[in-house]
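A.B. asks: Could you have a look at this structure, given as structure tokens, before my questions?
Chains as they are written, first to last, in the working numbering: chain A, 1 to 114; chain B, 115 to 235.
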């Protein structure tokens with residue numbers, strides 16, 4: 001079945017460090033891939049997405065590239081800030097006949113220290 | 115409203131009791147989703163509504179769980195004979211358009227509420 005696996009946290013970085021959070025997926029066909037972020041006390045928010053192979057999603061300095069050959073969608077940011085501290089979820093969706101329901105990874109907590 | 119609203123934000127109930135969790139989606143959104151998030155895990159899909167009808171309820175764990183959306187707006191997730199294992203955060207999401215057979219579009223983006231934390235003691 002469809003599934004998402006992401007690296008375990010928590011991840012602790014110093015401000016301005018480089019961030020990578022790994023995400024791999026298992027799915028038949030051609031899913032859309034997403035990164036969601038959950039800031040403390042807030043609901044899940046869409047951070048970025050990619051809908052086909054080799055697409056790069058980007059937002060707020062974060063990037064992720066849809067790699068079909070490695071079934072991966074790793075999240076990267078060149079210089080993290082304290083305000084990036086949150087829990088990050090990788091997710092996939094197969095809109096085709098599934099109404100856009102999302103399958104999430106287990107989440108990776110990021111803590112950025114000044 | 116401005117966003118997806120879920121009430122109550124917290125609910126503590128005794129084992130065996132019945133609970134109802136409410137979701138008010140963004141006005142005009144036709145698709146509505148329920149997810150359950152256990153501690154340290156990602157959200158797990160429960161049920162999806164297109165308008166008033168449940169288009170996909172494959173994620174409901176058993177027949178103690180039921181959800182309705184009678185007028186195509188507000189939805190209620192109902193849990194009978196609650197068990198301690200039902201303790202989790204229940205998330206609701208809505209999107210402007212229902213199912214799409216094409217690629218993702220902004221109209222199918224799901225917006226999440228802050229969730230209801232259910233604790234069964």
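A virtual CB, placed ideally from N, CA and C, is assigned to each residue, including glycine.
Enumerate, from N- to C-terminal direction, the unbroken alpha helix (DSSP H) stretches of 4 or more residues contained entirely within the segment 141-173 of chain B.
C.D. replies: The qualifying runs do not exist here; there are none.
A.B. asks: Our contact map puts residue 126/B next to residue 233/B with C-beta atoms below 8 Å; I'd like the distance itself, whole angstroms only.
C.D. replies: 5 Å between Cβ atoms; contact.
A.B. asks: Would residue 177/B be called buried (16 or more neighbouring beta carbons within 10 Å of its own) or exposed?
C.D. replies: By the neighbour-count rule (16 or more Cβ atoms within 10 Å), residue 177/B is not buried but exposed.
A.B. asks: Using the C-alpha atoms, what's the distance from residue 135/B back to residue 150/B?
C.D. replies: Taking the straight line from one Cα to the other gives about 12 Å.
A.B. asks: Can you name the residues of chain B whose CB is closer than 8 Å to the CB of residue 105/A?
C.D. replies: Per Cβ cutoff of 8 Å: 156.
A.B. asks: Have a look at 209/B, 203/B, 194/B and flag the residue whose alpha-carbon is nearest the alpha-carbon of residue 133/B.
C.D. replies: Residue 133/B has its Cα closest to that of 194/B, out of 209/B, 203/B, 194/B.
A.B. asks: What first and last residue would you give for the beta strand (DSSP E) that runs through residue 124/B?
C.D. replies: From DSSP, the beta strand (DSSP E) with residue 124/B extends over 124-127.
A.B. asks: So, residue 93/A versus residue 3/A, is the Cβ gap smaller than 8 Å?
C.D. replies: No, they are not a contact pair.
A.B. asks: CB residue 108/A to CB residue 88/A, shorter than 8 Å?
C.D. replies: Their beta carbons are under 8 Å apart, which means residue 108/A touches residue 88/A by this criterion.
A.B. asks: What first and last residue would you give for the beta strand (DSSP E) that runs through residue 180/B?
C.D. replies: That run of the beta strand (DSSP E) goes 179-182.
A.B. asks: When the distance is taken between beta carbons, is residue 114/A closer than 8 Å to residue 82/A?
C.D. replies: Yes, Cβ-Cβ distance for residue 82/A and residue 114/A is below 8 Å.
A.B. asks: What would DSSP say about residue 26/A, mapped onto helix, strand or coil?
C.D. replies: The answer is strand: DSSP assigns residue 26/A an E or B state.
A.B. asks: Using the Cα positions of residue 112/A and residue 47/A, report the straight-line distance between them to the nearest angstrom.
C.D. replies: Each residue's Cα considered, the two are about 18 Å apart.
A.B. asks: Measure from the alpha carbon of residue 86/A to the alpha carbon of each residue in 12/A, 26/A, 55/A, then state which is nearest.
C.D. replies: The residue with the shortest Cα to Cα distance from residue 86/A is 12/A.
A.B. asks: Would you kindly report the start and end of the unbroken beta strand (DSSP E) that includes residue 38/A?
C.D. replies: Residue 38/A -> beta strand (DSSP E) spans 32-38.
A.B. asks: Per DSSP, which one or two residues make a beta bridge with residue 50/A?
C.D. replies: 33/A.
A.B. asks: Return the first residue and the last residue of the beta strand (DSSP E) that residue 204/B is part of.
C.D. replies: Where residue 204/B is concerned, the enclosing beta strand (DSSP E) stretches over 202-209.
A.B. asks: Does the distance from the C-beta atom of residue 163/B to that of residue 173/B stay below 8 Å?
C.D. replies: No, the pair does not count as a contact, with Cβ atoms beyond the cut-off.
A.B. asks: Alpha carbon to alpha carbon, what distance is there between residue 105/A and residue 226/B?
C.D. replies: Residue 226/B and residue 105/A: Cα-Cα distance of roughly 16 Å.
A.B. asks: Taking a Cβ distance cut-off of 9 Å, strictly less, list which residues of the segment 130-158 of chain B are near chain A, in chain order.
C.D. replies: Going along the segment 130-158 of chain B in chain order, one finds 145, 147, 149, 151, 154, 155, 156, 157, 158 with a Cβ nearer than 9 Å to chain A.
A.B. asks: Could you please give me the residues that DSSP links to residue 44/A through a beta bridge?
C.D. replies: In the DSSP output, where bridge partners are listed per residue, residue 44/A has none listed.
A.B. asks: On the DSSP bridge assignment, give the partners of residue 59/A in chain order.
C.D. replies: Answer is 62/A, bridged to residue 59/A.
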